[in-house]
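In the UniProt record's numbering, the protein residues as written are 1 to 239. What follows is a set of notes on a single structure, which appears directly below.
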Amino acid sequence: MDNRKRRRELSQDIRKKIIDKHLKGKGYKTISKQLEVPVTTVPHIIQKFKTHGTVANLPGRGRKRKIDDKLKRRIVRIVSKEPRTTSKEIKGELQGQGTSVSDRTIRRCLSQSGLHGRRPRRTPLLKKNHKKARLEFAKMHVDKPQSFWEDVLWTDETKLELFVMTDEQKARLSTKSVIRKVVDPETGWTILVRGQVLYSMHLLFPQQATRRDGNAFQKMLGSTGRKCRNLHLQSESLH
1 MDNRKRRREL SQDIRKKIID KHLKGKGYKT ISKQLEVPVT TVPHIIQKFK THGTVANLPG
61 RGRKRKIDDK LKRRIVRIVS KEPRTTSKEI KGELQGQGTS VSDRTIRRCL SQSGLHGRRP
121 RRTPLLKKNH KKARLEFAKM HVDKPQSFWE DVLWTDETKL ELFVMTDEQK ARLSTKSVIR
181 KVVDPETGWT ILVRGQVLYS MHLLFPQQAT RRDGNAFQKM LGSTGRKCRN LHLQSESLH
């Protein structure tokens with residue numbers, strides 16, 4: 001550990017006095033004694049004045065910035081395209097291009113550019129135009145007969161929760177056909193919800209919910225498959 005005492009930086013007034021005394025013919029030791037500065041500092045100030053014509057601090061002192069203007073524009077451009085990009089993701093992308101910058105430096109750069117980390121604004125699941133369209137659809141089809149709905153297949157990726165889930169296991173499922181398992185907290189019965197719904201919701205649930213009743217579920221899928229074949233759907237969409 002360096003225990004040497006750190007010296008104060010000379011003020012602009014002291015530096016100018018050193019130059020004035022030097023121009024009057026004073027020696028280094030005399031200037032040092034009169035102004036109470038180290039002897040080694042006097043020639044440094046004089047040499048700097050002779051070389052640069054000034055005693056002020058020159059630009060470019062200290063550690064160079066790792067993010068120049070070009071790199072700063074690149075970082076801002078990345079976040080502008082995808083606002084949810086994290087600083088660690090930007091760091092990894094820059095490292096892949098041969099630039100090593102810490103995520104803290106990236107966050108500081110974004111803050112200086114006016115891009116601050118905020119929680120995104122929440123939007124309603126159903127907006128006014130959605131509600132209006134659904135109401136118009138319901139009015140248009142309210143008098144349709146049962147035979148009309150028997151040839152209609154509804155597909156959606158919406159998550160349906162029939163009961164409040166206290167514990168849920170995550171799984172990697174295809175988006176084509178999502179099957180969810182919902183457990184009734186009172187009876188413990190398992191209800192399987194398929195992401196493909198046929199007419200009037202009759203095929204969505206078994207007639208009698210049972211505890212892990214595989215036969216009832218196979219029966220439901222078989223009935224769904226027959227209806228899908230009646231609609232001339234490809235076999236890949238039934239799995």
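Backbone N, C-alpha and C fix where the C-beta goes; we use that ideal spot for every residue, glycine too.
Can you give the Cα-Cα distance for residue i and residue j, rounded to whole angstroms?
{"i": "Thr105", "j": "Arg121", "result": "26 Å"}
{"i": "Pro145", "j": "Phe137", "result": "15 Å"}
{"i": "His116", "j": "Val79", "result": "11 Å"}
{"i": "Asp13", "j": "Ile19", "result": "10 Å"}
{"i": "Glu168", "j": "Ser87", "result": "Interpretation of Glu168 is limited by its pLDDT of 42, a score under 50 that renders its predicted location unreliable; no figure is taken from the coordinates."}
{"i": "Arg15", "j": "His44", "result": "10 Å"}
{"i": "Val164", "j": "Cys109", "result": "Confidence at Val164 is low in this model, with a pLDDT of 46, below 50, so the placement of that residue should be treated as unreliable; the coordinate-derived value is given next. Taking the straight line from one Cα to the other gives about 44 Å."}
{"i": "Lys72", "j": "Pro59", "result": "21 Å"}
{"i": "His52", "j": "Gly62", "result": "18 Å"}
{"i": "Lys132", "j": "Gln97", "result": "49 Å"}
{"i": "residue 260", "j": "Ser147", "result": "With the chain running from 1 to 239 in the structure shown, residue 260 is simply not present."}
{"i": "Asn57", "j": "Arg8", "result": "14 Å"}
{"i": "Asn129", "j": "Lys139", "result": "15 Å"}
{"i": "Thr123", "j": "Leu10", "result": "59 Å"}
{"i": "Arg119", "j": "Lys50", "result": "57 Å"}
Are residue i and residue j touching if we call contact CB-CB under 9 Å?
{"i": "Arg134", "j": "Leu125", "result": "no"}
{"i": "Asp103", "j": "Ile90", "result": "yes"}
{"i": "Lys64", "j": "Val101", "result": "no"}
{"i": "Ser113", "j": "Ile75", "result": "yes"}
{"i": "Lys24", "j": "Gln34", "result": "no"}
Contact check, residue i vs residue j under 8 Å by CB: the rounded distance?
{"i": "Val39", "j": "Lys29", "result": "6 Å"}
Residues in its own chain within less than 6 Å of residue i by CB, not counting five upstream and five downstream?
{"i": "His22", "result": "Ile46"}
{"i": "Gln95", "result": "none"}
{"i": "Glu93", "result": "none"}
{"i": "Arg107", "result": "Ser87"}
{"i": "His141", "result": "none"}
Report all residues from its chain with a CB closer than 7 Å to the CB of residue i; omit the five preceding and five following residues, and keep chain order.
{"i": "Lys48", "result": "Val55"}
{"i": "Lys17", "result": "Leu35"}
{"i": "Val42", "result": "Ile18, Tyr28, Ile31 and Ser32"}
{"i": "Thr99", "result": "Leu71"}
Ordered along the chain, which non-local residues of its own chain (more than five positions away) have a Cβ less than 8 Å from that of residue i?
{"i": "Thr85", "result": "Ile78 and Val79"}
{"i": "Asp143", "result": "none"}
Is residue i close to the ligand ZN? I mean its beta-carbon at under 8 Å from any heavy atom of the ligand.
{"i": "Lys50", "result": "Of the ligands one can find in the structure shown there are none, so the ligand ZN has no counterpart to examine."}
Which residue spans inside the stretch 31-118 form an unbroken alpha helix (DSSP H) run of at least 4? With a minimum length of 4 residues, the continuous alpha helix (DSSP H) runs that stay inside the stretch 31-118 are 41-52, 69-81, 87-96 and 103-112.
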